[in-house]
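Enquirer:
Okay, structure coming up:
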């Protein structure tokens, strides 16, 4: 098995289709821009498909053995601290040879400050 | 009245105190880094204080006549499209001489893509 990196962006998921579409469009932009990951997908914690376990299993089936899970969340709430790790660990137990790691959530990024200040003067 | 710019960061608000504290800490970082705004505050759409109208009235009372409202939100949902504009318009009607504008929400920023990719390899 060669070393293949995949990125899985996790959003909360919404009843509004347009919000989920925004996530899929963002994922497409990540795909275009990423040099580090050979594949970029998205998954939803609830209210939209695919689920996190479904997306992770798909990446494992496609041969990825290094998967970075990136929470598109703003605060260190229950979703980031408990729910996403719990969904990851279900799949991690099924495939002990696959490394699945959770990256820091978006709101934790130091760069959020500069990004907000740029938005503020648009 | 001199021209004074203030920035009001709007978060959803949470039942979890720590999430609201994260917003207040982010506001402090914005305050430290901002050169364009003479004052930076935060307000919450629900579940935490201050409310958006309360914070806006406080800025007007302090002499600010140019206020930028910046939604710390990830998707173009009802909160960004309807709820925040509705709260702004209540106060805008009270003070026609004050310019209150809503900046694009965080998730709309093109720079989110690069920020996410940086988080992914941390």
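Protein chains in written order, with the numbering used here: chain B, 47 to 168; chain A, 47 to 168. Beta carbons: idealized from backbone N, C-alpha and C, even for Gly.
(1) Using the Cα positions of residue 152 (chain A) and residue 138 (chain B), report the straight-line distance between them to the nearest angstrom.
(2) Using a beta-carbon distance cut-off of less than 8 Å, what residues from the segment 72-101 of chain A approach chain B?
(3) If you measure from the CB of residue 134 (chain B), is any heavy atom of the ligand GDP nearer than 8 Å?
(4) In three-state terms, what does DSSP make of residue 159 (chain A)?
(5) Roughly how many whole angstroms lie between the Cα atoms of residue 98 (chain B) and residue 71 (chain A)?
(6) For residue 118 (chain A), return the contacting residues in chain B, with the cut-off set at a CB-CB distance below 8 Å.
(7) Am I right that residue 148 (chain B) and residue 115 (chain B) are in contact with their C-beta atoms under 8 Å? What's the rounded C-beta distance?
(8) Can you list the residues of chain A that residue 62 (chain B) reaches, using a CB-CB cut of under 7 Å?
(9) Quick one: is residue 154 (chain A) near chain B, going by C-beta distance under 9 Å?
(10) What do you get for residue 65 (chain A), buried or exposed, if any count of 16 or more other CB atoms within 10 angstroms of its CB means buried?
(11) When Cβ atoms are compared, which residues of the segment 138-153 of chain B fall closer than 8 Å to chain A?
(12) Which residue marks the beginning of the beta strand (DSSP E) containing residue 17 (chain B), and which one marks its end?
(13) Could you tell me which uninterrupted beta strand (DSSP E) segments, each at least 3 residues in length, are contained entirely in the segment 100-129 of chain A, listed from first to last along the chain?
Expert: Result, derived from the coordinates:
(1) Here residue 152 (chain A) refers to the residue found at position 106 when the second chain is read from its first residue. Here residue 138 (chain B) refers to the residue found at position 92 when the first chain is read from its first residue. Looking at the two C-alpha atoms, the distance is approximately 32 Å.
(2) 72, 75, 76, 79, 80, 82 and 83
(3) Absence of the ligand GDP from the depicted structure is noted, as is the absence of any ligand whatsoever, leaving it without description.
(4) By one-based count along the second chain, residue 159 (chain A) stands at place 113. In the structure shown, residue 159 (chain A) sits in a helix (DSSP, three-state: H, G or I).
(5) As a first step, residue 98 (chain B) must be located in the first chain, where it is residue number 52. As a first step, residue 71 (chain A) must be located in the second chain, where it is residue number 25. In a straight line, the C-alpha of residue 98 (chain B) is about 30 Å away from that of residue 71 (chain A).
(6) Counting from one through the second chain, the residue named residue 118 (chain A) turns up at place 72. Simply 120 and 162.
(7) The sequence position of residue 148 (chain B) within the first chain is 102, counting from 1. The sequence position of residue 115 (chain B) within the first chain is 69, counting from 1. Between residue 115 (chain B) and residue 148 (chain B) the Cβ distance is about 5 Å, and since that is below 8 Å, they are a contact.
(8) Your numbering for residue 62 (chain B) matches position 16 in the first chain. Correct list: 123.
(9) In the second chain, residue 154 (chain A) corresponds to position 108, counting from 1. It does: the Cβ of residue 154 (chain A) has a partner Cβ on chain B nearer than 9 Å.
(10) Reading the second chain from its first residue, position 19 is the one you call residue 65 (chain A). By the neighbour-count rule (16 or more Cβ atoms within 10 Å), residue 65 (chain A) is buried.
(11) 149, 150, 151, 152 and 153
(12) No answer is possible for residue 17 (chain B): the residues shown for chain B start at 47 and end at 168.
(13) 112-117
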